[in-house]
Amino acid sequence: DFWDNLEKETDWVRQEMNKDLEEVKQKVQPYLDEFQKKWKEDVELYRQKVAPLGAELQESARQKLQELQGRLSPVAEEF
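Sequential numbering from 1 applies to the sequence shown in full-length UniProt numbering.
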């Protein structure tokens with residue numbers, strides 16, 4: 001019975017807190033949106049800077065593998 005009464009008596013506090021929480025969410029949302037936008041822009045810039053390095057690394061690895069294959073082919077033919 002105590003807990004039921006307590007819940008009923010504090011219901012208005014819960015409602016006020018929920019209302020206040022919604023107000024805070026609304027006030028903070030523009031900052032979150034701006035942060036997300038900036039983060040996406042930064043990630044895209046980083047991706048653009050790194051993409052050529054990835055392509056260069058891939059091409060270099062391909063060339064090294066071809067070179068290694070060329071050197072190993074004569075050895076493999078001996079066996």
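Just so it is clear, CB atoms sit at the ideal spot from N, CA and C, and this is done for glycine as well. Keep in mind it's a predicted model, so treat the numbers as computed, not measured.
Alpha carbon to alpha carbon, how far is E59 from R71? Give it in angstroms, no decimals. 19 angstroms
Where does F79 fall in DSSP's three states? coil
D20 by DSSP, collapsed to three states: which one? helix
If you scan the stretch 38-76 from start to end, which runs of the beta strand (DSSP E) of 3 or more residues do you find wholly inside it? none
In terms of residues, what are the limits of the alpha helix (DSSP H) holding D4? F2 to E9
For Q26 and Y46, what's the separation of their Cα atoms in angstroms? 31 angstroms
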